[in-house]
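**Q** Residue numbers (my numbering): -19 to 250. Ideal Cβ placement from N, Cα and C applies to all residues, glycine included. Dumping the structure here so I can ask a few things about it.
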Ligand SMILES: NC(=O)c1ccc[n+]([C@@H]2O[C@H](COP(=O)([O-])OP(=O)(O)OC[C@H]3O[C@@H](n4cnc5c(N)ncnc54)[C@H](OP(=O)(O)O)[C@@H]3O)[C@@H](O)[C@H]2O)c1
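This is the structure in structure tokens:
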């Protein structure tokens, strides 16, 4: 009997977490459409993943743009009749002192991290509703659970994703689409400033991209009756010295220091 091939879209597949998820899926003989917006990076990621399977296609899409997202989904549907998995992983990280952040930073982060997830979910939703037994998995962030200094815009985007995913998970139950939101803490990817020695020292203690790939693999393997709506996963080793450090574009900003003076005039820096 011929196996019916499963079809997945992975956004942000050109690097980091998205590339690792792609590798996990293709190893399971799922056909993956790798999506990101830089063609060169996407092509070299495809070459890397093709060592594991030839069932890979790439589509250059800017997730911020409705037309590009809907065109890509139409193209995939014409070739396959269905889409079994959507993995939303595309994201950008702009951090910094709030007084130095601009409207363009807001637009860049919100349009990629939140609107991009909305557009892809919206494009596949009617298709998944018809076929049923489909899954949407979004890589949000621990920054969607807790705000922190320097993360104002990024946290706003991920808090938005978490609310969106929570609502969609319930609506999906009504129509046969299983929605899961993964909220990881620090993951060792290029998103962290590679020129920051403190960050580089901490990399070994961060989550590995494999951890997120394995979570996605776990989710697609579970019986249909099990629904993991939200998964929080963090490095076990807490690294307070990384708090508030810049990642992504932009410069560093000063470490936070609280000075406490006791009644007996002792000074503590915490
Ligand atoms: N690293 C962490 O510590 C961490 C922690 C929690 C959550 N996350 C989340 O995990 C996800 C993946 O992050 P990562 O660390 O793997 O980062 P990454 O290596 O920088 O990957 C980001 C991916 O998003 C794509 N992308 C960015 N803007 C896009 C756009 N407008 N249209 C299409 N694709 C776009 C990039 O593609 P191009 O090559 O085309 O730029 C790239 O493939 C993000 O949503 C991030 O917020 C990361």
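Sort 11, 171, 216, 185 by Cα distance to residue 38 and report the nearest one.
**A** Numbered from its first residue, the chain shown carries residue 38 at position 58. When only C-alpha atoms are compared, the closest one is 11.
**Q** Does at least one heavy atom of ligand 1 sit under 7 Å from the Cβ of residue 166?
**A** Here residue 166 corresponds to residue number 186 of the chain shown, with the count starting at 1. True, at least one ligand heavy atom lies under 7 Å from that Cβ.
**Q** Enumerate in chain order the residues of its own chain whose CB-to-CB distance from residue -8 is below 7 Å, with the five nearest sequence positions on each side excluded.
**A** Here residue -8 refers to the residue found at position 12 when the chain shown is read from its first residue. Correct list, in chain order: -2, 16, 69, 70, 71.
**Q** Specify whether the region 26 to 40 and the region 0 to 11 touch according to this definition: at least 3 beta carbon pairs, one from each stretch, less than 8 Å apart.
**A** Taking 8 Å as the limit for Cβ pairs, the verdict is that the region 0 to 11 does touch the region 26 to 40.
**Q** Can you check whether the CB of residue 40 is closer than 8 Å to the CB of residue 61?
**A** Mapped onto the chain shown, residue 61 falls at position 81. Mapped onto the chain shown, residue 40 falls at position 60. Taking 8 Å as the Cβ cut-off, residue 61 and residue 40 do not qualify as a contacting pair.
**Q** Between which two residues does the beta strand (DSSP E) harbouring residue 164 extend?
**A** Within the chain shown, residue 164 is the residue found at index 184, counting from 1. First-last of the beta strand (DSSP E) with residue 164: 157 to 164.
**Q** Going straight from the alpha carbon of residue 166 to that of residue 146, what length do you get?
**A** Locating residue 166 in the chain shown gives position 186, where the first residue counts as 1. Locating residue 146 in the chain shown gives position 166, where the first residue counts as 1. Their backbone Cα atoms lie some 22 Å apart in a straight line.
**Q** Can you grab the Cα-Cα spacing for the pair residue 8 / residue 91, in whole Å?
**A** As a working mapping, residue 8 is identified with position 28 in the chain shown. As a working mapping, residue 91 is identified with position 111 in the chain shown. Taking the straight line from one Cα to the other gives about 32 Å.
**Q** So, helix, strand or coil for residue 107, using DSSP?
**A** Translated into positions along the chain shown, residue 107 becomes position 127. Looking at residue 107 - three-state DSSP - the assignment turns out to be helix.
**Q** How many angstroms separate the CA atom of residue 88 from the CA atom of residue 99?
**A** The count along the chain shown starts at 1 and reaches residue 88 at position 108. The count along the chain shown starts at 1 and reaches residue 99 at position 119. So the alpha carbons of these two residues sit roughly 15 Å apart.
**Q** In its own chain, which residues sit with a C-beta less than 6 Å from the C-beta of residue 210, not counting the 5 before and 5 after it?
**A** Taking the first residue of the chain shown as 1, we reach residue 210 at position 230. Cβ within range, chain order: 161.
**Q** What are the boundary residues of the beta strand (DSSP E) that includes residue 37?
**A** Taking the first residue of the chain shown as position 1, residue 37 is located at position 57. It spans 36 to 40 - the beta strand (DSSP E) in which residue 37 sits, taken as one unbroken run.
**Q** Confirm, please, whether the CB-CB distance from residue 67 to residue 108 is below 8 Å.
**A** Taking the chain shown and counting its residues from 1, the one referred to as residue 108 is at position 128. Taking the chain shown and counting its residues from 1, the one referred to as residue 67 is at position 87. Their beta carbons are not under 8 Å apart, which means residue 108 does not touch residue 67 by this criterion.
**Q** Is it the case that the CB of residue 93 approaches a heavy atom of ligand 1 more closely than 7 Å?
**A** Position 113 of the chain shown, counting from 1, holds the residue named residue 93. Within the cutoff, so yes.
**Q** For the alpha helix (DSSP H) containing residue 191, list its first residue and its last residue.
**A** For the purposes of this step, residue 191 is taken as residue 211 along the chain shown, with counting starting at 1. 189 to 201 is the extent of the alpha helix (DSSP H) around residue 191.
**Q** What is the DSSP secondary structure of residue 118, counted as helix, strand or coil?
**A** Numbered from its first residue, the chain shown carries residue 118 at position 138. Residue state, collapsed to three classes: strand.
**Q** Ordered along the chain, which non-local residues of its own chain (more than five positions away) have a Cβ less than 6 Å from that of residue -14?
**A** Counted from its first residue, the chain shown places residue -14 at position 6. 10, 64, listed in sequence order.
**Q** Among the residues of its own chain, which have a CB less than 6 Å from the CB of residue 52, if the five just before and after it don't count?
**A** For the purposes of this step, residue 52 is identified with residue 72 of the chain shown, where counting begins at 1. Around residue 52: 39, 41.
**Q** Would residue 246 be called buried (16 or more neighbouring beta carbons within 10 Å of its own) or exposed?
**A** Within the chain shown, numbered from 1, the residue matching residue 246 stands at position 266. It is exposed - the Cβ of residue 246 has fewer than 16 other Cβ atoms within 10 Å.
**Q** Using a Cβ-Cβ cutoff of less than 6 Å, which residues in the same chain neighbour residue 221 once the five nearest sequence positions on both sides are dropped?
**A** Here residue 221 is taken as the residue at index 241 of the chain shown, counted from 1. Residue placement at residue 221 is poorly supported in this model, since its pLDDT is 42, which falls under 50; the coordinates still yield a value, given next. There are no such residues.
**Q** Helix, strand or coil for residue 147? Go by DSSP, reduced to three states.
**A** Start at 1 with the first residue of the chain shown, and residue 147 comes out as number 167. Reduced to three states, the DSSP call for residue 147 is helix.
**Q** Tell whether a beta-carbon distance below 8 Å holds between residue 36 and residue 14.
**A** Position 56 of the chain shown, counted from the first residue, corresponds to residue 36. Position 34 of the chain shown, counted from the first residue, corresponds to residue 14. Yes; because the gap between Cβ atoms is below 8 Å, this pair is in contact.
**Q** Mind pulling the alpha helix (DSSP H) runs of 4 or more residues that sit fully within the region 68 to 92?
**A** DSSP runs (the alpha helix (DSSP H)) wholly in the region 68 to 92: 83 to 89.
**Q** Assuming residue 169 contacts residue -4 under a Cβ cut-off of 8 Å, what Cβ separation, rounded to an integer in Å, is found between them?
**A** Along the chain shown, one-based indexing puts residue 169 at 189. Along the chain shown, one-based indexing puts residue -4 at 16. That belief holds up - the Cβ atoms of residue 169 and residue -4 are roughly 4 Å apart, short of 8 Å.
**Q** Could you tell me how far apart the beta carbons of residue 141 and residue 97 are, in whole angstroms, since I believe they sit closer than 8 Å?
**A** Counted from its first residue, the chain shown places residue 141 at position 161. Counted from its first residue, the chain shown places residue 97 at position 117. Between residue 97 and residue 141 the Cβ distance is about 6 Å, and since that is below 8 Å, they are a contact.
**Q** Taking the alpha carbon of residue -11 as the reference point, which residue from 148, 105, 244 has its own alpha carbon closest?
**A** Position 9 of the chain shown, counted from the first residue, corresponds to residue -11. Answer by Cα proximity: 105.
**Q** Are the beta-carbon atoms belonging to residue 22 and residue 54 less than 8 Å from one another?
**A** Counted from its first residue, the chain shown places residue 22 at position 42. Counted from its first residue, the chain shown places residue 54 at position 74. Cβ atoms of residue 22 and residue 54: not closer than 8 Å.
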